[in-house]
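Everything in the sequence shown is counted per this note's numbering, starting at 5 for the first residue and increasing by one. Don't be surprised by glycine CBs; every beta carbon is placed ideally from N, CA and C.
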Amino acid sequence: MVVMDGIVMGPTHCAYDDCIQDLDNHCGGAFCATHTIAYGAHCRVYGCQGQKINQTEACKKHQKEWTKYKQEHSQQTLMGVRRILQRPGESMEWQPALQRNNQPHDEDAPECERKNYFGPSCFYCVETICAPCGVVIAWTKFDKAESPTNILQFLEDVYPTEESCPDYICIDKACLVLRTSIVNKSWDMWSRTSRFIVDSYHYINHRTTDYLCHTWCNPAPLNGSAPNLVVVAKDKYGKPYYQRAFNTQASEQLNSWVGGFESILRRMTPGNFNWFLHVMLVYHTRYVINRQKRRAESNRAIIEEDSDDDDDDGILME
């Protein structure tokens, strides 16, 4: 099993439609080197062909929009100072709303219309694949949305052959990913190797009327269709009960840890962002592996101690 999830954060990139190249100027620029030359002296308001006025990025007609943008993004203003002092992820009532694709877990992402090219675009999220134990397997950045198409393409890049595919793929929008894979015919390949399931935390928020989700994406079915996902355990009174065999919250836990670096990462260039995040995920993976080794050694020592006590009891009885 692998667990997937995304955290909404990412570096800036070229503002031009469908371009994710690095910025030509990271201090106030909005385009990559190619689109800086292509756009030239045109007004940066979407669809406007006017010539921009010196020292601004807008034509005479759109100076009001440019002035408003500068006021909202200048650190010399009161708003800019408060934006520096606030906690990561905190949003104040007096701040302009960020243009984000707020996606319900079992619905398609809405499209955001861009009104101008005054500032750069940002990657929408960082998507990770990890094992239930917490070991990070792969990560990538999604530009506009955490869409099922992007998720399936990421999985195909990480698992190019049937032999490498995991048995279970756990993600909060598994039912939507399953529908998309059926429509685009990629399910013909995934159906032979893997099953998409929703993580236990988000499963309770999915529609109870969604037959496909509750039949095929259930993380803990009790009808025997997926016996590897549910095991029988005993409580302190010795009574048996069902529990999930795997930690389906591994990626959520990883994201809560990665989110602590957001205030640092959001000020980095894409190259520095990629390097820093990759190094931190490597350190996290090494920590998880070392913790598992210590736990295994501790359990082995307890078993050996219990075995020695049994031997001593046998000698006394003789």
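Below 7 angstroms CB to CB, which residues in the same chain sit around Ser255 once its five sequence neighbours on both sides are set aside?
Val7, Met8, Asp9, Thr132, Cys134
Whose C-beta lies closer than 7 angstroms to the C-beta of Val236 among residues of the same chain, with five residues either side of it excluded?
Pro244, Tyr246
Exposure label - Cys279; buried when at least 16 CB within 10 Å
According to the sequence as given, residue 279 is Trp; it is not Cys. Label assigned to Trp279: exposed.
May I have the straight-line CA-CA distance separating Leu27 from Lys56, to the nearest angstrom?
20 angstroms
Along the chain, where does the beta strand (DSSP E) that runs through Gln257 open and close?
Counting along the chain, Gln257 falls outside any beta strand (DSSP E), though it belongs to the alpha helix (DSSP H) covering 254-262.
Within 10 Å of its beta-carbon, does Val49 have 16 or more other beta-carbons around it, so buried, or fewer, so exposed?
buried
Do you know offhand how far Gln157's Cα is from Arg199's?
16 angstroms
Coarse secondary structure for Leu82, derived from DSSP in three states
Any reading at Leu82 needs caution, since the residue's pLDDT is 47, under 50, leaving its predicted position unreliable; the model's value is listed next. If DSSP states are grouped into helix, strand and coil, Leu82 belongs with the helices.
Given this structure, state the Cα-to-Cα distance separating His218 from Ala149, to the nearest angstrom.
25 angstroms
Looking at the secondary structure, which residues open and close the alpha helix (DSSP H) in which Lys74 lies?
67-77
Starting from Thr197, trace the beta strand (DSSP E) in both directions and tell me its first and last residue.
First-last for Thr197: undefined, no H or E at that position.
8 angstroms contact criterion, which Asn54 and Lys65 should meet: CB distance rounded
It is Gly, not Asn, that sits at residue 54 in the sequence shown. That belief holds up - the Cβ atoms of Gly54 and Lys65 are roughly 6 angstroms apart, short of 8 angstroms.
Buried versus exposed call for Ala42 [16 or more other C-beta atoms within 10 Å across all chains shown]:
exposed
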